[in-house]
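Undergrad: Supplied in structure tokens, the structure appears directly below.
In the UniProt record's numbering, the protein residues as written are 1 to 136.
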């Protein structure tokens with residue numbers, strides 16, 4: 001999520017559950033733990049940008065998985081075209097969204113986003129995959 005004031009830092013986290021939800025209207029969904037310290041900042045902003053990481057971005061993913069750290073330190077990014085949320089450099093794809101709905105699902109929240117814009121790299125890089133405790 002973008003910072004809401006000049007002195008505020010952007011917010012982000014490594015998402016473990018993401019899915020396409022609907023084509024008409026275009027919707028996506030992700031799940032976030034109800035105890036997440038990052039989620040309230042994203043919720044307040046009302047927008048987010050999904051960044052699909054490439055196979056060589058494992059360390060970047062690990063940095064975004066750490067709680068409480070400055071996740072954007074040394075990370076190249078620009079503003080997504082509609083929301084202004086962070087769009088990371090070198091990703092395979094990005095999906096710029098506005099929060100459409102939030103539902104409670106046990107100890108997680110199910111966040112539904114309306115897709116406002118998206119894009120993909122022209123390269124043929126492989127996506128970052130995580131399986132059995134390691135990146136593939």
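All C-beta atoms, glycine included, are put in the ideal place defined by N, C-alpha and C.
I'd like the list of long-range same chain contacts for residue 94, defined as Cβ closer than 6 Å, with 5 residues on each side in sequence excluded.
TA: If we look at residue 94 and ignore the five residues flanking it on each side, its Cβ neighbours are 49, 51, 87, 119.
Undergrad: Is it buried or exposed, residue 23, if we count other Cβ atoms within 10 angstroms and call 16 or more buried?
TA: Burial call: exposed.
Undergrad: Between which two residues does the beta strand (DSSP E) containing residue 87 stretch?
TA: 86-88 is the span of the beta strand (DSSP E), which, as asked, contains residue 87.
Undergrad: Let's see if you can read the secondary structure: which residues bound the alpha helix (DSSP H) around residue 10?
TA: Where residue 10 is concerned, there is no enclosing alpha helix (DSSP H), given that its DSSP letter is neither H nor E.
Undergrad: So for residue 148, helix, strand or coil by DSSP?
TA: There is simply no residue 148 to check, as the chain begins at 1 and stops at 136 in what is shown.
Undergrad: Could you check the C-alpha separation between residue 12 and residue 127 for me, to the nearest Å?
TA: So the two alpha carbons sit approximately 19 Å from each other.
Undergrad: Can you name, in chain order, every residue of its own chain whose Cβ lies under 7 Å from the Cβ of residue 89, other than the five neighbours on each side?
TA: Answer for residue 89: 76, 77, listed in chain order.
Undergrad: Between which two residues does the alpha helix (DSSP H) containing residue 60 stretch?
TA: Unbroken alpha helix (DSSP H) run through residue 60: 58-64.
Undergrad: For residue 41, which three-state DSSP category applies?
TA: Residue state, collapsed to three classes: helix.
Undergrad: Buried or exposed for residue 80, going by 16 or more other Cβ atoms inside 10 Å?
TA: By the 10 Å Cβ count, residue 80 comes out buried.
Undergrad: Where does residue 136 land, buried or exposed, given buried means 16+ other C-beta within 10 angstroms?
TA: The residue in question, residue 136, is exposed, as its Cβ has fewer than 16 Cβ neighbours within 10 Å.
Undergrad: Which same chain residues, not among the five before or five after residue 101, have their C-beta less than 6 Å away from its C-beta?
TA: Same-chain partners within the cutoff: 112.
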